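S.K.: This note's numbering applies: residue 1447 is where the sequence shown begins, and numbers increase by one.
The C-beta atom is built at its ideal place from N, Cα and C for all residues, glycine as well.
As the structure is a computational prediction, the values presented were derived from the model and not from experiment.
Structure incoming, see below.
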Amino acid sequence: MPGFELVGQEERDAVLEIFDQSGGCLFAHGFHQIRNGRFRVREFEAAFAEKLGCSHAQAVSSGTMALVAGLKALDVNPGDEVITQSFVFVACVEAIIAIGAVPVIVDIDDTFNMDPTALEAAITDRTKAIMPVHMLGNPADMTRISQIAKNHDLPILEDACEALGAKYRGQYCGTLGDAGVFSLDFQKTIVAGEGGVVVTNNDRIAKYCREYHDHGHENNPDVPRGCDTRTIPGLNIRITEMQAAVASAQLKKLDTIVNINRRHKSIIMDAIGDLECIQMRRLTDEDELGDTIIFSFENAMQTRKFLQLYTESGYFTKNIPDAIDWHFSGTWNHMFKDVPAYKDSWGEQWTKSAKLLARSVSLPIFLKTPEDQLTQMAQDVKKFVLESI
Ligand SMILES: Cc1ncc(COP(=O)(O)O)c(C=O)c1O
């Protein structure tokens, strides 16, 4: 689970240092006389890019706005189609709709991520970009998705908001497509309260995002900021030095967080991993994040029985099913009034995904759970599974 569990003295010291030594409530620019040479947003961006092994990282105000900036940078315009998947966070489709583009939503497969076959079938001559989402820490099938994108000459914007720290074939999720986005909100692998990051190896995309996130400012070194040059309209989706200070302290804990996730997950998997009566989510890479366990029963009745036993004992689920209304497009009656393809039929779409989700549960892995409690949880989960079938 998220980095907020490990917020401690390091984050506190980082924020106090800003107030004590470098000007308090600043943003990324200017105020040289009071910031003592510290540019914390820029320092965070450099450290993030270096950690992920990519050329550019642009910090922005949220994962949602990172998606908006990424789509705009890929030149997605009103009326263009963007393909994403049915099991996502609502923000993924909101971002597409916010820029006037058209969401084309395809089913998930047993990875609980975009089904590459469904992706290929959904491509039209109006498709402008593909947005796979690495849900709950498991990388999407980037080998097939990248091949399909290449065959059709389409760019990929990876949503890695729920997968910071996961790797696919040795490379961090978010760095495999043309651009990738992350969230730093309170529930993510590392947190800053709110915040997001766009990463890319493409100089043009990086330049677009840098300018877009700051009202179009080019930060031309030859003129004062008040007379700055600009070529594109943007928004204010900046983060503050305070958020960046917290995010930098958290970034240093990323490996620790991922290692604890994986160790804790393995304790539970040792108990249930080979139960034949449930089907474990298919992981695309052993370097997945490890902060969630998803499995499916044969039918929804068994799942409901398990959930009753599990939640009555004081345990929680993570999104499936407790927050499925925010994570499955088949429940979004508020979203599609301007999307002709789904306007009158959103509830009848994505039946393959709906059936899979109705049979499934998702268990969160917490960082601070003592190992004896995890062992108890593992035994309980196994018992509840066996009592449910
Ligand atoms: C997959 C996914 N994409 C995008 C977002 C949006 O991130 P934020 O909350 O920072 O706007 C989230 C947040 O939960 C998410 O899980």
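Look at Pro1816 and Asp1737 and say whether their C-beta atoms are less than 8 Å apart.
M.R.: As a working note, residue 1816 is residue 370 in the sequence shown. As a working note, residue 1737 is residue 291 in the sequence shown. Not a contact, by the Cβ cut-off of 8 Å.
S.K.: With a CB to CB cut of under 6 Å and the five nearest residues on each side skipped, what residues in its chain are close to His1710?
M.R.: Taking the first residue of the sequence shown as position 1, residue 1710 is located at position 264. Contacts found: Ile1811 and Leu1820.
S.K.: Identify the residues that DSSP records as bridge partners of Ser1742: which are they?
M.R.: One-based indexing of the sequence shown puts residue 1742 at position 296. DSSP lists Gln1725 and Ser1806 as partners of Ser1742.
S.K.: What residue ranges within the segment 1582 to 1639 form continuous beta strand (DSSP E) runs of no fewer than 3 residues, ordered along the chain?
M.R.: Correct list: 1603 to 1605 and 1625 to 1629.
S.K.: Heavy atom of ligand 1 less than 7 Å from the Cβ of Asp1605, yes or no?
M.R.: Taking the sequence shown and counting its residues from 1, the one referred to as residue 1605 is at position 159. Indeed, a heavy atom of ligand 1 lies less than 7 Å from the Cβ.
S.K.: In whole angstroms, what is the alpha-carbon distance linking Val1692 and Thr1646?
M.R.: Taking the first residue of the sequence shown as position 1, residue 1692 is located at position 246. Taking the first residue of the sequence shown as position 1, residue 1646 is located at position 200. The straight-line gap from Cα to Cα measures roughly 23 Å.
S.K.: In chain order, what residues of the same chain have a beta carbon less than 8 Å from the beta carbon of Ala1568, not counting five sequence neighbours either side?
M.R.: Residue 1568 sits at position 122 when you count from the first residue of the sequence shown. Excluding residues within five positions, the ones whose Cβ falls inside 8 Å are Ile1529, Val1550 and Val1552.
S.K.: By Cβ distance, which residues of its chain are closer than 7 Å to Lys1509, with the 5 residues on each side in sequence left out?
M.R.: The residue you call residue 1509 lines up with position 63 of the sequence shown. Going by the sequence as given, residue 1509 is Gly instead of Lys. Sequence-distant Cβ neighbours of Gly1509 in its own chain, meaning closer than 7 Å and more than five residues away, are Ala1537, Cys1607, Val1627, Phe1628, Ser1629, Asp1631 and Gly1642.
S.K.: Give me the residue from Ser1712, Ala1595 and Gln1633 with the minimum Cα distance to Asp1624.
M.R.: Along the sequence shown, read from residue 1 onward, the residue named residue 1624 stands at position 178. Out of Ser1712, Ala1595 and Gln1633, Ala1595 has the C-alpha closest to the C-alpha of Asp1624.
S.K.: Can you tell me which residues form a DSSP beta bridge with Asn1682?
M.R.: Translated into the one-based positions of the sequence shown, residue 1682 becomes position 236. According to DSSP, Asn1682 bridges with Asp1660.
S.K.: Check the C-beta distance from Gly1583 over to Ala1609 and give it rounded, since I have them as a contact under 8 Å.
M.R.: The residue given as residue 1583 occupies position 137 in the sequence shown. The residue given as residue 1609 occupies position 163 in the sequence shown. Indeed, because the Cβ distance is near 5 Å, the residues count as touching under 8 Å.
S.K.: Out of Met1688, Leu1681, Ile1685 and Trp1778, which has the shortest C-alpha to C-alpha gap to Val1539?
M.R.: Position 93 of the sequence shown, counted from the start, is the residue given in the question as residue 1539. That would be Trp1778, whose Cα lies nearest to the Cα of Val1539.
S.K.: State yes or no: is the C-beta of Cys1619 nearer than 7 Å to some heavy atom of ligand 1?
M.R.: For the purposes of this step, residue 1619 is taken as the residue at position 173 of the sequence shown. Because no heavy atom of ligand 1 lies under 7 Å away, the Cβ of Cys1619 does not count as near it: no.
S.K.: Could you spell out the range, first to last residue, of the beta strand (DSSP E) harbouring Gln1871?
M.R.: No information on residue 1871 is available, as it lies outside the stretch 1447 to 1835 that the chain covers here.
S.K.: Alpha carbons only, please: which of Glu1451, Arg1458 and Leu1452 is nearest the one belonging to Ala1690?
M.R.: Counting from 1 along the sequence shown, the entry for residue 1690 is found at position 244. It is Arg1458.
S.K.: Taking just the CA atoms, how far does Arg1676 sit from Asp1668?
M.R.: Start at 1 with the first residue of the sequence shown, and residue 1668 comes out as number 222. Start at 1 with the first residue of the sequence shown, and residue 1676 comes out as number 230. Cα to Cα, Asp1668 sits roughly 13 Å from Arg1676.
S.K.: Helix or strand or just coil, what does DSSP make of Glu1734?
M.R.: Mapped onto the sequence shown, residue 1734 falls at position 288. Coil.
S.K.: Can you give me the C-alpha to C-alpha distance between Arg1727 and Glu1664, rounded to a whole angstrom?
M.R.: In the sequence shown, counting from the first residue as 1, residue 1727 sits at position 281. In the sequence shown, counting from the first residue as 1, residue 1664 sits at position 218. Whole-angstrom Cα-Cα distance: 45 Å.
S.K.: Can you grab the Cα-Cα spacing for the pair Tyr1618 / Gly1611, in whole Å?
M.R.: The residue given as residue 1618 occupies position 172 in the sequence shown. The residue given as residue 1611 occupies position 165 in the sequence shown. Distance between the alpha carbons of Tyr1618 and Gly1611: 7 Å.
S.K.: Going by other Cβ atoms of all chains shown within 10 Å of its Cβ, with 16 needed for buried, is Cys1500 buried or exposed?
M.R.: For the purposes of this step, residue 1500 is taken as the residue at position 54 of the sequence shown. It counts as buried.
S.K.: Could you say which of Met1747, Lys1764, Tyr1756 and Asp1784 lies nearest to Ile1805 if we only look at CA atoms?
M.R.: By one-based count along the sequence shown, residue 1805 stands at place 359. According to the sequence shown, residue 1805 is Arg rather than Ile. Closest by alpha carbon: Met1747.
S.K.: Answer yes or no: do Ala1503 and Leu1697 have a C-beta to C-beta separation smaller than 8 Å?
M.R.: Position 57 of the sequence shown, counted from the start, is the residue given in the question as residue 1503. Position 251 of the sequence shown, counted from the start, is the residue given in the question as residue 1697. Not in contact: Ala1503 and Leu1697 (Cβ atoms no closer than 8 Å).
S.K.: Quick check on the DSSP output: the beta strand (DSSP E) that includes Glu1527 runs from which residue to which?
M.R.: Sequence index remark: in the sequence shown, residue 1527 carries index 81 (1-based). Glu1527 to Gln1531 is the extent of the beta strand (DSSP E) around Glu1527.
S.K.: How big is the Cα-Cα spacing for Lys1789 and Ala1564?
M.R.: Here residue 1789 corresponds to residue number 343 of the sequence shown, with the count starting at 1. Here residue 1564 corresponds to residue number 118 of the sequence shown, with the count starting at 1. Computed Cα separation, rounded: 20 Å.
S.K.: For Glu1463 and Ile1542, I'd like the C-alpha separation in whole angstroms.
M.R.: One-based indexing of the sequence shown puts residue 1463 at position 17. One-based indexing of the sequence shown puts residue 1542 at position 96. Glu1463 and Ile1542: Cα-Cα distance of roughly 39 Å.
S.K.: Of the residues Arg1486, Ala1515, Leu1755 and Ile1651, which one's Cα is nearest the Cα of Leu1681?
M.R.: By one-based count along the sequence shown, residue 1681 stands at place 235. Comparing Cα positions, the closest option is Ala1515.
S.K.: How close, in whole Å, do the beta carbons of Ser1532 and Gly1776 come, if the pair is a contact with beta carbons under 8 Å?
M.R.: For the purposes of this step, residue 1532 is identified with residue 86 of the sequence shown, where counting begins at 1. For the purposes of this step, residue 1776 is identified with residue 330 of the sequence shown, where counting begins at 1. Right, their Cβ atoms sit about 7 Å apart.
S.K.: Does the distance between the C-beta of Leu1513 and the nearest non-hydrogen atom of ligand 1 fall short of 7 Å?
M.R.: Here residue 1513 is taken as the residue at index 67 of the sequence shown, counted from 1. Checking the Cβ of Leu1513 against ligand 1 gives yes.
S.K.: What are the uninterrupted segments assigned as alpha helix (DSSP H) that are 4 or more residues long and contained completely in the segment 1742 to 1817, given in chain order?
M.R.: Taken in chain order, the complete alpha helix (DSSP H) segments of 4 residues or longer contained in the segment 1742 to 1817 are 1746 to 1758 and 1797 to 1804.
S.K.: Return yes when the C-beta of Ala1537 is under 7 Å from any heavy atom of ligand 1, and no when it is not.
M.R.: Within the sequence shown, the letter at position 91 stands for residue 1537. Answer for Ala1537: yes, Cβ within range of ligand 1.
S.K.: Looking only at DSSP bridge pairs, what is Ile1551 linked to?
M.R.: As a working mapping, residue 1551 is identified with position 105 in the sequence shown. DSSP, once it has assigned bridges, lists Thr1530 as partnering Ile1551.
S.K.: When the Cα atoms are used, what is the spatial distance from Ile1636 to Pro1786?
M.R.: As a working note, residue 1636 is residue 190 in the sequence shown. As a working note, residue 1786 is residue 340 in the sequence shown. The alpha-carbon atoms of Ile1636 and Pro1786 are separated by roughly 38 Å.
S.K.: At a cut-off of 7 Å, is Ser1808 close to ligand 1 when judged by its beta-carbon and the heavy atoms of the ligand?
M.R.: Position 362 of the sequence shown, counted from the first residue, corresponds to residue 1808. For ligand 1, not one heavy atom lies less than 7 Å from the Cβ of Ser1808.
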